[in-house]
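Engineer: Residue numbers (the numbering used here): 42 to 169.
Shown next, in the form of structure tokens:
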């Protein structure tokens, strides 16, 4: 029986590689929950997990010709998902730290500006 499943999966991959949208939809239906669950486990965000799952399947469709060469689709799918998850987490971490740095930078400048303005007002008051 496992050979039958593997054989059917192989045929499915070849059909997707040929541009068969029904085969792609079948692939999507078979593996969506697994990819979404994996992404959710890493990201802890349903929205990000859904975005990643969509990105995984979009990447598969865009590179569908490569499916002819895939021997173990579960490994191929996992590696594709893993790379997108890491990219997204890296981007999120970079963006968050970058935003925080910008906020601190401009907050420091604003505080400094306010202090200088207060000091200037005091100088004028003392001078008068």
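Cβ atoms here follow ideal geometry from the backbone N, Cα and C, with glycine treated the same way.
1) For residue 70, count neighbouring Cβ atoms within 10 angstroms of its own Cβ and tell me buried if that reaches 16, exposed if not.
2) My understanding is that residue 68 touches residue 53, with C-beta atoms under 8 Å, so please give their C-beta distance in whole angstroms.
3) Tell whether a beta-carbon distance below 8 Å holds between residue 121 and residue 101.
4) Please classify residue 97: does DSSP put it in a helix, a strand, or coil?
5) With the cut-off set at 8 Å, would you say residue 62 and residue 77 are in Cβ contact?
6) Pick out whichever of 87, 104, 50 has its Cα sitting closest to the Cα of residue 60.
7) Is the beta carbon of residue 93 closer than 8 Å to that of residue 129?
8) Tell me whether residue 61 sits in a helix, a strand or coil according to DSSP, three-state version.
Structural biologist: On the basis of the supplied data:
1) Classification of residue 70: exposed, given that the 10 Å Cβ count is below 16.
2) 6 Å
3) yes
4) helix
5) no
6) 104
7) Yes, Cβ-Cβ distance for residue 129 and residue 93 is below 8 Å.
8) coil
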